[in-house]
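Here's the structure we're looking at; comments come further down.
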Amino acid sequence: MSHATVDRQAAEFGHVAHVPVHFDDLDAMGLLHNARYAVLLERALTPYWAERGVVFRGDVHAAPDVFHAVREFTITYQAPIIGVGTVAVHFWLEHFGTSSAQYAFEFRSTDGTTVHATGTRSIVRLDPATLRPTAWTEVGRAIAATLLRPAPASA
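No gaps in the numbering here: position 93 of the sequence shown is 93 in UniProt numbering, and each next residue is one more.
As structure tokens, then:
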């Protein structure tokens with residue numbers, strides 16, 4: 001894994017977070033274990049929202065947009081992440097609906113040249129009392145707007 005850094009604002013849309021890969025994230029061959037990609041994506045998403053005031057501190061009513069469940073997670077592995085270091089996680093929203101959202105993501109080397117994995121993560125905001133889908137807050141919608149991928153230009 002390269003240890004050069006990429007400008008976090010280099011992405012045309014979404015956000016790029018540099019996330020550490022620890023020794024205990026590796027499998028017996030020294031590769032990032034396949035199940036750890038979801039954890040590293042979470043480690044990229046959580047600070048983005050927390051830095052914008054949406055953070056869980058034990059009270060789901062204080063930050064209702066953090067009360068959501070993952071509906072679907074897909075990933076395609078392209079090149080292994082080898083050893084400890086830092087990986088660049090580029091994430092954005094492809095869709096932000098009334099109560100659901102779909103992230104897309106890429107795991108890249110920090111110099112941006114190697115794509116390690118790509119995928120999607122769909123979530124549904126839940127009402128804490130009923131565990132049924134419920135609408136995102138206006139605060140959540142405003143933050144989500146900063147992550148939405150622009151629609152392709154019409155020809």
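Note that the Cβ used here is the ideal one computed from N, Cα and C, for glycine as well.
Quick caveat, the model's predicted, so the values are computed rather than measured.
Short Cβ contact (9 Å threshold) for residue i with residue j
i: THR120; j: PHE107; result: no
i: ARG125; j: PRO64; result: yes
i: THR110; j: ALA79; result: no
i: HIS61; j: PRO133; result: no
Nearest to residue i (by Cα), restricted to the options the options
i: ILE123; options: GLY30, ALA135, ALA28 and THR130; result: ALA135
i: LEU45; options: ASN34, ASP59 and PHE91; result: PHE91
i: GLY97; options: LEU148, GLY83, HIS116 and ASP25; result: LEU148
i: ALA151; options: THR137, HIS95 and TYR103; result: HIS95
i: ARG71; options: THR137, TYR103 and VAL55; result: TYR103
i: LEU131; options: ILE81, PHE67, LEU93 and ILE82; result: PHE67
i: TYR77; options: ASN34, VAL54 and GLU51; result: ASN34
i: MET29; options: LEU93, THR137, GLY83 and GLY112; result: GLY83
i: VAL93; options: ARG141, PHE23, PRO20 and ALA69; result: Here residue 93 is Leu; the residue named in the question, Val, does not match the sequence. Nearest option by C-alpha distance: ARG141.
i: ARG36; options: VAL19, ARG52 and ARG57; result: VAL19
Beta-carbon separation (whole angstroms), residue i vs residue j, contact threshold 8 Å
i: ALA153; j: ALA101; result: The Cβ separation is near 23 Å, so there is no contact.
i: ILE81; j: LEU31; result: 7 Å
- Query: Can at least three beta-carbon pairs, one atom from the segment 29 to 43 and one from the segment 73 to 93, be found at a separation below 8 Å?
  - Reply: At 8 Å Cβ cutoff, the stretches touch.
- Task: Kindly provide the ranges of any alpha helix (DSSP H) runs that are 4 or more residues long and lie completely inside the segment 11 to 82, ordered along the chain.
- Result: 36 to 50, all fully within the segment 11 to 82.
- Item | Secondary structure, beta strand (DSSP E): runs of 3+ residues fully inside the segment 93 to 153 | The qualifying runs are 100 to 108 and 115 to 125.
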